[in-house]
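Reading through the structure tokens given below for one structure.
Here is the structure:
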């Protein structure tokens, strides 16, 4: 309720009207006009009521932020969130009954939740949606567990289409130096190498090669996740049987000499490499294997490639540094929709972007593998709210 100063003045200073006469009302009206003193008492009562209402704090402003427990994040959804061909989000929405839309200022159509407290969001507008949700004061995300999901290209030396990999590292493949492979110096495997280094497969040794950077450590391209949490999630899901189809079996039969590529879909641990450019082919896969090995000091294994995981991980680290989220509660699960290079005997342009039949399998595997982890966190929140599974 809002009451203006003018209203206060009119309520408090009104004088009794000498023209008021209870005897002047038409016969049979059934009412009586209050006397001047009575009218003043009524006015003062109204003023007191107005002041009392103004003293009551706005319930919306005083409400405590919602403590969000678990969020699953998808990167895109073609068409509607339900009822049509699935994208990365639809299996989550339909199977987890994310029926309630949660409007967020700046991102009105990206967040959903169910009755059990599972939140889901699809980043329709990229990192802007993520920031809008995290910075919304209605939500407390300091103890929230995050599962970033998505489909990917898979290294045929590591896994098969339809497989799911829990990441220990997110590696950034964007910022680097590049020359045309047709002009390579003798002995170079490819024309991609780290800024501040002298050649491929060397770490930077001179930070001044990169603008205002003064510490070579700032040039890192590997972002370490909570590896104990990743191992816990893997142990919880490693024996899940993933869907396999005749189409998938025919598709992977071409991969002679690649035993991992010929396996039925399975769950593993392995790193995700994010790069905004959609690369494909054996030479670039070799670069990706080397790049992940280089930046993780030999501790990481390249498995999945995609175009966005590096962007969201860096954004989450910025938000964590400001105290909005806990970086130790971030998980990354990628599932294979296609291979990162063509099978033997197939040209590179004939296989680039070939996500059939792997795309639907990857959507399915993402939810099948990720859901048990989120269910466990929600079911035993009294255990996991303040204690991260697997330890830090």
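In full-length UniProt numbering, the protein residues as written are 1 to 392.
All residues carry an ideal CB built from backbone N, CA and C; glycine is no exception.
Test item: CB-CB of residue 196 and residue 205 under 8 angstroms: Counting from one through the chain shown, the residue named residue 196 turns up at place 196. Counting from one through the chain shown, the residue named residue 205 turns up at place 205. Going by C-beta atoms, residue 196 is nearer than 8 angstroms to residue 205.
Quick one: residues in its chain with C-beta nearer than 7 angstroms to the C-beta of residue 77, no 5 flanking neighbours on either side, listed in chain order? Along the chain shown, one-based indexing puts residue 77 at 77. Taken in chain order, the residues that qualify are 87, 88, 89, 90 and 122.
Residue closest to residue 333, alpha-carbon to alpha-carbon, out of 103, 150 and 117: The count along the chain shown starts at 1 and reaches residue 333 at position 333. Nearest option by C-alpha distance: 150.
Answer yes or no: do residue 102 and residue 95 have a C-beta to C-beta separation smaller than 8 angstroms? Here residue 102 refers to the residue found at position 102 of the chain shown. Here residue 95 refers to the residue found at position 95 of the chain shown. Contact: no.
Sequence-distant residues of the same chain with beta carbon closer than 8 angstroms to residue 322, five excluded per side: For the purposes of this step, residue 322 is identified with residue 322 of the chain shown, where counting begins at 1. Excluding sequence neighbours, residue 322 sits near nothing in its chain.
Around the Cβ of residue 309, are there at least 16 other Cβ atoms within 10 angstroms (buried) or fewer (exposed)? For the purposes of this step, residue 309 is taken as the residue at position 309 of the chain shown. When all chains shown are included, residue 309 counts as buried.
Do you know offhand how far residue 371's Cα is from residue 74's? As a first step, residue 371 is located in the chain shown; it is residue number 371 there, counting from the start. As a first step, residue 74 is located in the chain shown; it is residue number 74 there, counting from the start. So the alpha carbons of these two residues sit roughly 13 angstroms apart.
Quickly, what does DSSP pair residue 165 with across the bridge? List them, please. Taking the first residue of the chain shown as position 1, residue 165 is located at position 165. For residue 165, which the question treats as bridged, DSSP gives the partners 268 and 334.
Could you give the DSSP three-state label for residue 302: helix, strand or coil? Here residue 302 corresponds to residue number 302 of the chain shown, with the count starting at 1. Strand, per DSSP.
Between the Cα of residue 162 and the Cα atoms of 324, 260 and 222, which residue gives the shortest distance? Position 162 of the chain shown, counting from 1, holds the residue named residue 162. Of the candidates 324, 260 and 222, the one whose C-alpha sits nearest the C-alpha of residue 162 is 260.
Give me the Cβ distance between residue 221 and residue 295, rounded to the nearest whole Å; I'm assuming they're in contact under 8 angstroms. Here residue 221 refers to the residue found at position 221 of the chain shown. Here residue 295 refers to the residue found at position 295 of the chain shown. Between residue 295 and residue 221 the Cβ distance is about 5 angstroms, and since that is below 8 angstroms, they are a contact.
If you drop the 5 nearest sequence neighbours on each side, which residues of the same chain put their C-beta closer than 6 angstroms to that of residue 281? For the purposes of this step, residue 281 is taken as residue 281 along the chain shown, with counting starting at 1. Cβ neighbours of residue 281 beyond the five flanking positions: 341 and 348.
Residues in the same chain with beta-carbon distance under 6 angstroms from residue 351, minus the five sequence neighbours each way, listed in chain order, please. The residue labelled residue 351 in the question sits at position 351 within the chain shown. Result list for residue 351: 342, in chain order.
Return the CA-CA distance between residue 329 and residue 143, expressed in angstroms with no decimal places. Counting from one through the chain shown, the residue named residue 329 turns up at place 329. Counting from one through the chain shown, the residue named residue 143 turns up at place 143. Rounded to whole angstroms, residue 329 to residue 143 spans 8 angstroms at the Cα level.
Nearest-angstrom Cβ-Cβ length linking residue 303 and residue 248, presumed shorter than 8 angstroms: Translated into the one-based positions of the chain shown, residue 303 becomes position 303. Translated into the one-based positions of the chain shown, residue 248 becomes position 248. Residue 303 to residue 248, Cβ: 18 angstroms. No contact.
Sheet register partners of residue 381 (DSSP bridge): As a position in the chain shown, residue 381 is number 381, starting the count at 1. For residue 381, which the question treats as bridged, DSSP gives no partner whatsoever.
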